[in-house]
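In terms of numbering that gives the first Met the number 0, the sequence shown opens at residue 0 and continues consecutively. Each residue gets a CB set at the ideal place from its N, CA and C atoms; glycine is no exception. Keep in mind it's a predicted model, so treat the numbers as computed, not measured. Encoded as structure tokens, the structure appears first; notes follow it.
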Amino acid sequence: MPLPGFTAWPSFPFEGDFKIKHLDPPVATEPARKGEDSADCTACTAPDDAYIWVNERWRVRTMDRPTGLPMVLMLEPRSHLDLGDLPNLLAAELGVMTVRLERAIRSLDEVARVHVYRWGDGAAHLHVWFMARPVGQLQLRGTFLPLWDDILPPIAEDHWRESLAHVAAWLAEFGGTPLAQPPRIDWQAPAKLTDS
């Protein structure tokens, strides 16, 4: 089979010879996703302090360590629901929260655009991904941004924590509780004071 045209796009993160995998035959029964039962759901059992911002209906979390992009966050409802299960109130709030979170992330100096994704095959509890493309990194535009996140070296942890605190504080301007704190300043007084 010929390679698809996207392998020639400037944003495609790989080069060299590629071979398309054969498509497996369909399975008779789809496997259960992680956390189909709320008792086994990691999002439902996670404490609030595992998140950077929370309110009564939504929580925002990040990875456990910095990644290659300036910011990668996930928005989750507190209730054990998937996208199609959201009642009208939460569905409407999802739109508002998506815009607020996109604006909060885009307010970071090093962010040009924020890509919003929802994949539904991994975990049953709705989680919407927000991935920030760095300013000036045009090769990272578009579809392959999640792949680039895994390829790029992680950003500095202090800067990452500072950015998390900024986004959490930005969201808290509309309510909720910011839980991310900026890194402590490692300030040391000089050994002696001298006249300049």
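Could you please give me the residues that DSSP links to residue i through a beta bridge?
| i | result |
| --- | --- |
| Met130 | Val71, His114 |
| Ala122 | Lys33 |
| Val53 | Arg58, Thr176 |
| Pro76 | Trp57 |
Hey, would you say residue i sits closer than 7 Å to residue j, going by beta carbons?
| i | j | result |
| --- | --- | --- |
| Pro133 | Glu109 | yes |
| Met130 | Val71 | yes |
| Tyr50 | Arg58 | yes |
| Arg113 | Arg105 | Sequence check: residue 113 is Val here, not Arg. Yes, they are a contact pair. |
| Ala123 | Glu35 | yes |
| Pro102 | Ser10 | According to the sequence provided, residue 102 is Arg. The question's Pro does not apply to it. Cβ distance not < 7 Å, so Arg102 and Ser10 don't count as in contact. |
| Phe143 | Pro1 | no |
| Asp81 | Leu125 | yes |
| Met73 | Trp8 | no |
Is residue i buried or exposed, if buried means 16 or more other CB atoms sit within 10 Å of its CB?
| i | result |
| --- | --- |
| Gly175 | buried |
| Trp118 | exposed |
| Val26 | exposed |
| His21 | exposed |
| Ala42 | buried |
| Pro3 | exposed |
| Tyr116 | exposed |
| Glu75 | buried |
| Met96 | buried |
| Asp148 | buried |
| Trp169 | buried |
| Leu107 | buried |
| Trp186 | exposed |
| Thr6 | exposed |
By the three-class DSSP mapping on this structure, what secondary structure does residue i have?
| i | result |
| --- | --- |
| Trp186 | coil |
| Thr44 | helix |
| Thr196 | Outside the displayed span of the chain (0 to 195) sits residue 196, for which this structure offers no information. |
| Val166 | helix |
| Met96 | helix |
| Phe11 | coil |
| Thr28 | coil |
| Phe5 | helix |
Practice item. Would you be able to state if there are at least three C-beta pairs under 8 Å between the stretch 152-163 and the stretch 175-186? Key: Contact holds: three or more Cβ-Cβ distances are below 8 Å.
Review point. Taking one C-beta from the stretch 139-156 and one from the stretch 65-81 each time, how about it: are there three or more such pairs within less than 8 Å?
Key: Result yes; three or more Cβ-Cβ pairs closer than 8 Å.
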